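For reference, the structure discussed in these notes is given below.
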Amino acid sequence: MSKFSDWEFMLNGDSQEFRQRASEIRSYYFNIYGGVDHWLDCPNDDFRMTTLFCENETDPDVVWQVGYELISLFNGASILFSKEYRKASIFKLLYKESPVDFVPNRGAAALLGKPSVSPARISEEYKNGSKSCIKFPLMHLATENRDVYFILKYLDMESSWTTYYKLMEAIETFANEKNIDLDTSKKERKSFTNTANNFSLSGFDSRHGFKEATKQNNTQSMSIDEGYGFVTSMAKAYLQKAYFPKQGNS
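The number in my numbering is simply the position in the sequence shown, starting from 1, with 87 added.
Spelled out as structure tokens, the structure:
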């Protein structure tokens, strides 16, 4: 898969992964290609992204915002599986190979919705993305479903107890709405909430203030890495049961 749009996003990030994704069948929702110097016939780190969401778009401002949103969803899906994932970013936008003036990320929180293509094409792109890695079907789902959207967006935020606590609350709310049993360990959840809520354990990142530091606390605490592991295990359990039930527990 290669360029198919006049709008191209030039990417920074994990070149090794970009090279892998560029070699696979994947989705035109998030089409990564490049990594080859055709003049010198050798690899390079020039990786780019195009998307169906920018087809027939004429406003560069809108295109920039679409790009930021897709990168955010891609990063969130990546961090679901690796806390230390090197986030992707856009460093330049091209239109017909010419640079477009930079526009900052306005951070608008809204679903991208469906691109202006047929339902059959949307289904085809979902299937193609699924042949590459789980990130692409998750991104597809996040363009139309607020639960997947919230999960990926929270994961793209700063790694902190505040972020993780909000993510836990969101997952539990979505699970209740769909009557999904997350099989969460009560002991782990108590340890997580104890740490996230207690100033003496998580410091200035805690959800509660100084008074909590004066209370004796005998519940085992978690490290921030363990907190990440706890909430991402919840997220995976929810996503599997809500959207991938046929895949079992793998």
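Heads up, the beta-carbon is just placed ideally off N, CA and C, and yes, glycines get one too. These numbers were taken from a predicted model, which means no experiment stands behind them.
Check                                                                                                                                                                                   : Outcome
Please work out which residues of its chain come closer than 7 Å, Cβ to Cβ, to Val190, disregarding the five sequence neighbours upstream and downstream, and give them in chain order. : Pro147, Asp148, Trp151
Following the continuous beta strand (DSSP E) through Gly216, name the residue where it begins and the one where it ends.                                                               : Segment 206-217 is the alpha helix (DSSP H) holding Gly216; no beta strand (DSSP E) there.
Going by DSSP, what residues sit across from Glu95 in a beta bridge?                                                                                                                    : Leu181
So with Cβ pairs under 9 Å, would you call Glu256 a contact of chain D?                                                                                                                 : This model lacks chain D altogether, as it is built from one protein chain only.
Starting from Val318 and walking both ways along the alpha helix (DSSP H), at which residues does that stretch end?                                                                     : 311-330
How many Å lie between Arg106 and Thr249 at the Cα?                                                                                                                                     : 34 Å
Looking at the strands, I want to know which residues DSSP matches up with Arg135.                                                                                                      : Met97, Tyr120
If you draw a straight line from the alpha carbon of Phe178 to that of Glu184, how long is it in whole angstroms?                                                                       : 14 Å
Beta carbon of Ser159, beta carbon of Lys222: below 9 Å?                                                                                                                                : no
Considering only the beta carbon of each residue, do Gly163 and Thr138 sit closer than 9 Å?                                                                                             : no
So, under 8 Å CB-CB, Val235 and Leu157 are touching, yes? Tell me the CB distance rounded to an integer number of Å.                                                                    : With a Cβ gap of about 14 Å, Val235 and Leu157 do not count as contacting.
Cβ atoms of Asp270 and Ala324: under 9 Å apart, would you say?                                                                                                                          : yes
Under DSSP, the alpha helix (DSSP H) around Gly163 begins and ends at which residues?                                                                                                   : 147-166
Can you tell me the Cα-Cα spacing of Glu313 and Ala229, whole angstroms?                                                                                                                : 25 Å
Opposite Ser169 in the DSSP bridges: which residues?                                                                                                                                    : DSSP output for Ser169 lists no bridge partner at all.
Specify, as a first and last residue, the run of the alpha helix (DSSP H) that Glu144 falls within.                                                                                     : Unbroken run through Glu144: none, as it is neither H nor E.
What first and last residue would you give for the alpha helix (DSSP H) that runs through Ser278?                                                                                       : 273-284
Could you tell me which residues DSSP puts in a beta bridge with Cys129?                                                                                                                : Asp124
Looking at Pro224 and Tyr213, is the spacing between their C-beta atoms short of 9 Å?                                                                                                   : yes
Specify, as a first and last residue, the run of the alpha helix (DSSP H) that Glu264 falls within.                                                                                     : 248-264
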